[in-house]
Amino acid sequence: DLRLHVLCFDLPTGNLIWNKSIPASAAEQEATRRVADHGYATGTAVCDEHGVYAYFGVSGLIAYDHDGNLLWQAETGDKTAGFGSAASPILYHDLVIMNASIEAGIVLAFNRTSGKEVWRIENVDRSWTTPIVAASGNGRDELIVSYKEHVRGFDPLTGSELWNCEGVQDYVVPCVVVNDGIAYVLGGRKNQSMAIRLGGSGDVTESHRIWDTNIGANVTSPVYHAGYLYWVSDRGIANCIDATTGESVYRERVDTTERVYASTLLAGHRMYLTTRDNGVFAIAVGPEYQELAHNVLAGDDSLFNATPAVADNQLLFRTNQYLYCIGAD
232 DLRLHVLCFD
242 LPTGNLIWNK
252 SIPASAAEQE
262 ATRRVADHGY
272 ATGTAVCDEH
282 GVYAYFGVSG
292 LIAYDHDGNL
302 LWQAETGDKT
312 AGFGSAASPI
322 LYHDLVIMNA
332 SIEAGIVLAF
342 NRTSGKEVWR
352 IENVDRSWTT
362 PIVAASGNGR
372 DELIVSYKEH
382 VRGFDPLTGS
392 ELWNCEGVQD
402 YVVPCVVVND
412 GIAYVLGGRK
422 NQSMAIRLGG
432 SGDVTESHRI
442 WDTNIGANVT
452 SPVYHAGYLY
462 WVSDRGIANC
472 IDATTGESVY
482 RERVDTTERV
492 YASTLLAGHR
502 MYLTTRDNGV
512 FAIAVGPEYQ
522 ELAHNVLAGD
532 DSLFNATPAV
542 ADNQLLFRTN
552 QYLYCIGAD
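Numbers 232 to 560, taken from this note's numbering, label the letters of the sequence shown in order.
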(Lines of atoms letter the chains of each structure in order from A; the text may use other names.)
(Lines give C-alpha, C1' and ligand atoms only; values in the text may rest on other atoms or scores of the structure.)
Protein backbone atom coordinates (compact mmCIF):
# COMPACT_ATOMS: atom_id res chain seq x y z
CA ASP A 232 0.00 0.00 0.00
CA LEU A 233 3.04 2.30 0.02
CA ARG A 234 2.53 5.55 -1.91
CA LEU A 235 5.09 8.30 -2.43
CA HIS A 236 3.88 11.88 -2.17
CA VAL A 237 4.81 15.34 -3.39
CA LEU A 238 2.99 18.05 -1.44
CA CYS A 239 2.57 21.75 -2.15
CA PHE A 240 1.88 24.18 0.71
CA ASP A 241 1.03 27.87 0.84
CA LEU A 242 4.11 29.38 2.49
CA PRO A 243 2.40 32.23 4.47
CA THR A 244 -0.27 29.98 6.02
CA GLY A 245 0.95 26.38 5.74
CA ASN A 246 -2.31 25.39 4.04
CA LEU A 247 -2.03 22.34 1.80
CA ILE A 248 -2.61 23.30 -1.85
CA TRP A 249 -2.18 19.88 -3.45
CA ASN A 250 -1.00 16.38 -2.62
CA LYS A 251 -0.05 14.05 -5.47
CA SER A 252 1.25 10.51 -5.11
CA ILE A 253 2.44 7.49 -7.03
CA PRO A 254 2.51 3.83 -6.00
CA ALA A 255 5.88 2.51 -4.94
CA SER A 256 7.81 0.26 -7.32
CA ALA A 257 7.58 -3.48 -6.81
CA ALA A 258 11.37 -3.34 -6.36
CA GLU A 259 11.10 -1.13 -3.26
CA GLN A 260 12.64 -2.73 -0.19
CA GLU A 261 10.85 -3.71 2.99
CA ALA A 262 10.55 -1.24 5.86
CA THR A 263 13.51 -2.54 7.84
CA ARG A 264 14.65 -0.66 10.94
CA ARG A 265 17.26 1.19 8.90
CA VAL A 266 14.77 2.27 6.24
CA ALA A 267 12.08 3.19 8.79
CA ASP A 268 14.65 5.43 10.48
CA HIS A 269 14.20 8.01 7.72
CA GLY A 270 11.49 6.72 5.37
CA TYR A 271 11.11 6.40 1.62
CA ALA A 272 11.20 10.13 0.74
CA THR A 273 14.68 11.18 1.82
CA GLY A 274 15.54 13.34 -1.21
CA THR A 275 14.76 17.04 -1.48
CA ALA A 276 12.58 18.19 -4.36
CA VAL A 277 13.91 20.89 -6.69
CA CYS A 278 11.87 23.49 -8.59
CA ASP A 279 12.10 25.80 -11.59
CA GLU A 280 9.59 28.02 -13.37
CA HIS A 281 8.07 25.00 -15.14
CA GLY A 282 7.67 22.47 -12.38
CA VAL A 283 8.93 20.46 -9.44
CA TYR A 284 11.14 17.37 -9.65
CA ALA A 285 11.29 14.75 -6.89
CA TYR A 286 13.20 11.50 -6.50
CA PHE A 287 12.04 8.27 -4.87
CA GLY A 288 14.90 5.84 -5.50
CA VAL A 289 13.75 2.66 -7.23
CA SER A 290 10.33 4.29 -7.74
CA GLY A 291 11.99 6.82 -10.02
CA LEU A 292 12.23 10.50 -10.79
CA ILE A 293 8.92 12.32 -11.15
CA ALA A 294 7.97 15.78 -12.46
CA TYR A 295 4.82 17.79 -11.74
CA ASP A 296 3.83 21.25 -12.88
CA HIS A 297 3.03 23.88 -10.24
CA ASP A 298 -0.64 22.90 -10.30
CA GLY A 299 0.19 19.29 -9.44
CA ASN A 300 -0.31 17.85 -12.92
CA LEU A 301 2.00 14.95 -13.80
CA LEU A 302 4.51 15.95 -16.50
CA TRP A 303 6.63 12.79 -16.69
CA GLN A 304 8.12 9.93 -14.74
CA ALA A 305 11.47 8.21 -15.38
CA GLU A 306 12.97 5.00 -14.05
CA THR A 307 16.58 5.07 -12.81
CA GLY A 308 17.24 1.50 -11.64
CA ASP A 309 15.86 -1.23 -9.40
CA LYS A 310 18.61 -2.00 -6.87
CA THR A 311 18.35 -1.19 -3.16
CA ALA A 312 20.91 -1.06 -0.36
CA GLY A 313 20.83 -0.66 3.39
CA PHE A 314 19.40 2.73 4.25
CA GLY A 315 17.70 3.08 0.86
CA SER A 316 17.90 6.16 -1.32
CA ALA A 317 19.29 9.56 -0.31
CA ALA A 318 20.36 11.68 -3.30
CA SER A 319 18.36 14.65 -4.58
CA PRO A 320 17.94 15.91 -8.16
CA ILE A 321 19.69 19.08 -9.34
CA LEU A 322 18.96 21.38 -12.30
CA TYR A 323 21.37 22.65 -14.95
CA HIS A 324 20.15 24.50 -18.05
CA ASP A 325 17.52 22.18 -19.59
CA LEU A 326 18.65 19.13 -17.60
CA VAL A 327 17.57 17.35 -14.43
CA ILE A 328 20.65 15.52 -13.15
CA MET A 329 20.21 12.55 -10.81
CA ASN A 330 22.73 10.42 -8.95
CA ALA A 331 21.31 6.88 -9.17
CA SER A 332 24.45 5.17 -7.86
CA ILE A 333 22.48 3.06 -5.38
CA GLU A 334 19.77 2.12 -7.85
CA ALA A 335 21.96 1.40 -10.90
CA GLY A 336 25.55 2.60 -10.39
CA ILE A 337 25.00 5.57 -12.70
CA VAL A 338 24.44 9.32 -12.86
CA LEU A 339 21.72 10.34 -15.32
CA ALA A 340 20.63 13.54 -17.02
CA PHE A 341 17.07 13.99 -18.28
CA ASN A 342 15.52 16.71 -20.40
CA ARG A 343 13.44 18.64 -17.90
CA THR A 344 10.58 19.18 -20.37
CA SER A 345 10.20 15.70 -21.85
CA GLY A 346 11.82 13.47 -19.23
CA LYS A 347 13.92 11.75 -21.89
CA GLU A 348 17.44 10.62 -21.02
CA VAL A 349 20.18 12.87 -22.43
CA TRP A 350 23.35 11.23 -21.08
CA ARG A 351 24.60 8.82 -18.40
CA ILE A 352 27.79 8.24 -16.42
CA GLU A 353 28.61 4.61 -15.60
CA ASN A 354 30.44 2.88 -12.72
CA VAL A 355 29.46 5.28 -9.92
CA ASP A 356 29.91 3.04 -6.88
CA ARG A 357 28.37 3.42 -3.39
CA SER A 358 27.43 7.07 -3.51
CA TRP A 359 24.39 8.44 -1.64
CA THR A 360 25.42 12.05 -2.24
CA THR A 361 23.84 14.78 -4.35
CA PRO A 362 26.22 16.08 -7.08
CA ILE A 363 26.97 19.76 -7.56
CA VAL A 364 27.73 21.99 -10.55
CA ALA A 365 30.33 24.67 -9.85
CA ALA A 366 32.61 26.99 -11.80
CA SER A 367 36.36 26.43 -11.92
CA GLY A 368 38.86 29.25 -11.67
CA ASN A 369 38.74 29.69 -15.45
CA GLY A 370 34.94 29.90 -15.44
CA ARG A 371 34.25 26.39 -16.77
CA ASP A 372 31.17 24.72 -15.29
CA GLU A 373 31.96 21.30 -13.83
CA LEU A 374 29.65 18.60 -12.49
CA ILE A 375 31.38 17.11 -9.45
CA VAL A 376 30.53 13.55 -8.45
CA SER A 377 32.00 11.98 -5.30
CA TYR A 378 31.79 8.21 -4.79
CA LYS A 379 33.81 5.35 -3.35
CA GLU A 380 37.54 5.97 -4.03
CA HIS A 381 36.89 8.67 -6.66
CA VAL A 382 36.01 12.31 -7.16
CA ARG A 383 35.38 13.17 -10.82
CA GLY A 384 34.56 16.29 -12.78
CA PHE A 385 32.33 16.18 -15.85
CA ASP A 386 30.93 18.51 -18.48
CA PRO A 387 27.37 18.91 -17.13
CA LEU A 388 25.91 19.34 -20.63
CA THR A 389 27.36 16.15 -22.10
CA GLY A 390 28.44 13.93 -19.20
CA SER A 391 31.96 13.62 -20.62
CA GLU A 392 34.79 13.38 -18.07
CA LEU A 393 37.06 16.37 -17.52
CA TRP A 394 39.20 15.12 -14.63
CA ASN A 395 39.43 12.49 -11.90
CA CYS A 396 40.99 12.39 -8.45
CA GLU A 397 41.54 9.80 -5.74
CA GLY A 398 38.63 10.21 -3.33
CA VAL A 399 37.17 8.93 -0.07
CA GLN A 400 38.22 5.32 0.54
CA ASP A 401 34.71 4.22 1.48
CA TYR A 402 31.11 4.96 0.58
CA VAL A 403 30.12 8.65 0.30
CA VAL A 404 27.06 10.42 1.73
CA PRO A 405 28.00 14.10 2.42
CA CYS A 406 27.56 16.62 -0.39
CA VAL A 407 30.55 18.35 -1.95
CA VAL A 408 30.68 22.11 -1.30
CA VAL A 409 32.62 24.56 -3.45
CA ASN A 410 34.09 27.99 -2.82
CA ASP A 411 36.23 30.03 -5.20
CA GLY A 412 37.01 27.12 -7.50
CA ILE A 413 37.92 24.65 -4.73
CA ALA A 414 35.79 21.59 -3.93
CA TYR A 415 35.65 20.26 -0.38
CA VAL A 416 34.86 16.55 -0.11
CA LEU A 417 33.85 14.54 3.00
CA GLY A 418 32.80 10.95 3.58
CA GLY A 419 33.57 7.47 4.89
CA ARG A 420 32.99 5.54 8.09
CA LYS A 421 36.58 6.27 9.17
CA ASN A 422 35.97 9.90 8.20
CA GLN A 423 38.03 11.68 5.59
CA SER A 424 38.01 15.12 3.98
CA MET A 425 39.97 16.75 1.20
CA ALA A 426 40.20 19.87 -0.94
CA ILE A 427 40.51 19.70 -4.75
CA ARG A 428 41.12 22.64 -7.06
CA LEU A 429 38.77 22.55 -10.05
CA GLY A 430 39.81 23.17 -13.65
CA GLY A 431 42.15 20.24 -14.14
CA SER A 432 42.43 17.55 -16.81
CA GLY A 433 43.03 13.82 -16.49
CA ASP A 434 44.27 12.46 -13.16
CA VAL A 435 44.62 15.49 -10.87
CA THR A 436 45.38 13.65 -7.59
CA GLU A 437 48.93 15.00 -7.39
CA SER A 438 48.42 18.32 -9.18
CA HIS A 439 45.10 19.61 -7.83
CA ARG A 440 44.40 17.88 -4.50
CA ILE A 441 45.45 20.53 -2.00
CA TRP A 442 45.10 18.57 1.24
CA ASP A 443 43.69 15.33 2.62
CA THR A 444 42.90 14.64 6.28
CA ASN A 445 41.26 12.01 8.49
CA ILE A 446 38.75 14.48 9.96
CA GLY A 447 35.31 14.37 8.39
CA ALA A 448 31.77 13.02 8.55
CA ASN A 449 29.95 9.87 7.53
CA VAL A 450 26.53 11.42 6.80
CA THR A 451 26.34 15.20 7.17
CA SER A 452 27.53 17.87 4.72
CA PRO A 453 29.73 20.88 5.55
CA VAL A 454 29.28 24.61 4.97
CA TYR A 455 31.99 27.10 4.00
CA HIS A 456 32.30 30.59 5.50
CA ALA A 457 35.21 33.06 5.47
CA GLY A 458 38.02 30.55 5.21
CA TYR A 459 36.59 27.84 7.45
CA LEU A 460 34.59 24.64 6.93
CA TYR A 461 31.96 23.74 9.53
CA TRP A 462 29.89 20.64 10.11
CA VAL A 463 28.40 18.43 12.81
CA SER A 464 29.30 14.80 12.28
CA ASP A 465 26.68 12.08 12.62
CA ARG A 466 28.31 11.26 15.96
CA GLY A 467 27.32 14.70 17.26
CA ILE A 468 30.73 16.38 17.07
CA ALA A 469 30.79 20.00 15.86
CA ASN A 470 33.86 20.54 13.67
CA CYS A 471 35.65 23.58 12.30
CA ILE A 472 38.70 23.23 10.08
CA ASP A 473 40.89 25.68 8.23
CA ALA A 474 39.80 25.45 4.59
CA THR A 475 43.28 26.43 3.38
CA THR A 476 45.22 23.74 5.25
CA GLY A 477 42.69 21.15 6.45
CA GLU A 478 43.91 21.58 10.02
CA SER A 479 41.39 21.21 12.84
CA VAL A 480 40.37 24.47 14.55
CA TYR A 481 37.90 23.00 17.05
CA ARG A 482 35.97 19.82 17.82
CA GLU A 483 33.12 20.15 20.33
CA ARG A 484 30.41 17.69 21.35
CA VAL A 485 26.81 18.81 20.80
CA ASP A 486 24.24 17.91 23.45
CA THR A 487 22.46 15.01 21.75
CA THR A 488 22.21 11.29 22.40
CA GLU A 489 21.07 10.42 18.86
CA ARG A 490 23.02 10.32 15.62
CA VAL A 491 22.80 13.59 13.68
CA TYR A 492 21.41 13.29 10.15
CA ALA A 493 20.69 16.94 9.27
CA SER A 494 23.49 19.03 7.79
CA THR A 495 24.61 22.37 9.21
CA LEU A 496 22.72 25.38 7.84
CA LEU A 497 24.40 28.79 7.46
CA ALA A 498 21.90 31.67 7.47
CA GLY A 499 21.83 35.20 8.87
CA HIS A 500 25.49 35.10 9.95
CA ARG A 501 24.93 32.14 12.25
CA MET A 502 24.80 28.38 11.91
CA TYR A 503 21.96 26.08 12.84
CA LEU A 504 22.77 22.57 14.07
CA THR A 505 19.67 20.39 13.95
CA THR A 506 19.68 17.35 16.22
CA ARG A 507 17.20 14.52 15.86
CA ASP A 508 15.90 14.59 19.44
CA ASN A 509 17.17 17.70 21.24
CA GLY A 510 16.16 20.68 19.15
CA VAL A 511 18.30 23.15 17.25
CA PHE A 512 21.50 24.87 18.35
CA ALA A 513 22.37 28.30 16.96
CA ILE A 514 26.16 28.62 16.69
CA ALA A 515 28.34 31.64 15.97
CA VAL A 516 30.60 31.55 12.94
CA GLY A 517 34.29 31.93 13.66
CA PRO A 518 37.22 29.89 14.98
CA GLU A 519 35.75 29.48 18.49
CA TYR A 520 32.75 27.28 19.28
CA GLN A 521 30.02 29.46 20.76
CA GLU A 522 26.41 28.42 21.33
CA LEU A 523 24.11 31.41 20.88
CA ALA A 524 20.82 29.62 21.56
CA HIS A 525 19.25 26.21 22.04
CA ASN A 526 15.64 25.89 20.90
CA VAL A 527 13.29 22.95 21.42
CA LEU A 528 9.70 22.63 20.21
CA ALA A 529 7.82 21.71 23.37
CA GLY A 530 5.56 18.69 23.18
CA ASP A 531 7.03 17.39 19.93
CA ASP A 532 8.79 14.02 20.10
CA SER A 533 9.11 13.57 16.32
CA LEU A 534 12.54 13.13 14.72
CA PHE A 535 14.31 16.00 12.99
CA ASN A 536 16.17 14.10 10.25
CA ALA A 537 16.11 16.72 7.50
CA THR A 538 18.32 19.75 6.96
CA PRO A 539 16.23 22.92 7.42
CA ALA A 540 15.55 25.27 4.52
CA VAL A 541 15.40 29.08 4.38
CA ALA A 542 12.57 31.16 2.93
CA ASP A 543 13.11 34.91 3.37
CA ASN A 544 13.59 35.31 7.15
CA GLN A 545 11.90 32.04 8.00
CA LEU A 546 13.23 28.55 8.67
CA LEU A 547 11.40 25.46 7.43
CA PHE A 548 11.83 22.21 9.35
CA ARG A 549 10.54 18.85 8.14
CA THR A 550 10.30 16.14 10.79
CA ASN A 551 9.01 12.61 10.33
CA GLN A 552 5.55 13.92 11.36
CA TYR A 553 5.33 17.65 10.79
CA LEU A 554 6.33 20.62 8.64
CA TYR A 555 7.19 23.73 10.66
CA CYS A 556 7.74 27.33 9.62
CA ILE A 557 9.69 29.29 12.25
CA GLY A 558 10.05 33.06 12.05
CA ALA A 559 9.46 36.39 13.75
CA ASP A 560 5.90 37.77 13.89
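Built from N, CA and C at the ideal position, the CB exists for glycine as well.
Predicted model, so just to flag it, every value in this text is computed and none were measured.
Query: Span separating the alpha-carbon of residue 414 from that of residue 385; Result: 14 Å
Query: Per-residue burial, residue 553 [other beta carbons within 10 Å of its own, 16 or more giving buried]; Result: exposed
Query: Beta-carbon proximity list for residue 349, same chain, < 7 Å, skipping 5 on both sides; Result: 326, 340, 341 and 342
Query: Coil, strand or helix - residue 306 by DSSP; Result: coil
Query: Extent of the continuous alpha helix (DSSP H) to which residue 334 belongs; Result: 332-335
Query: When 422, 510, 541 and 306 are compared against residue 404, the one with the closest alpha-carbon; Result: 422
Query: Outcome for residue 331 when other beta-carbon atoms lying within 10 angstroms are tallied against a minimum of 16; Result: buried
Query: Three CB pairs or more closer than 8 Å across the segment 392-403 and the segment 439-452; Result: yes
Query: CA-to-CA distance, residue 416 to residue 512, given in whole angstroms; Result: 24 Å
Query: Pick from 478, 409, 293 and 428 that is closest to residue 347, judged by C-alpha positions; Result: 293
Query: Whole-Å CB distance - residue 255 paired with residue 235, under 8 Å assumed; Result: 6 Å
Query: Cα-Cα separation, residue 539 to residue 439; Result: 33 Å
Query: Reference residue 217, options 367, 323 and 427, closest by Cα; Result: The question about residue 217 has no answer here: the residues shown for the chain are numbered 232 through 560.
Query: Residues near residue 246 by beta carbon distance below 7 Å, same chain, minus five either side; Result: 240
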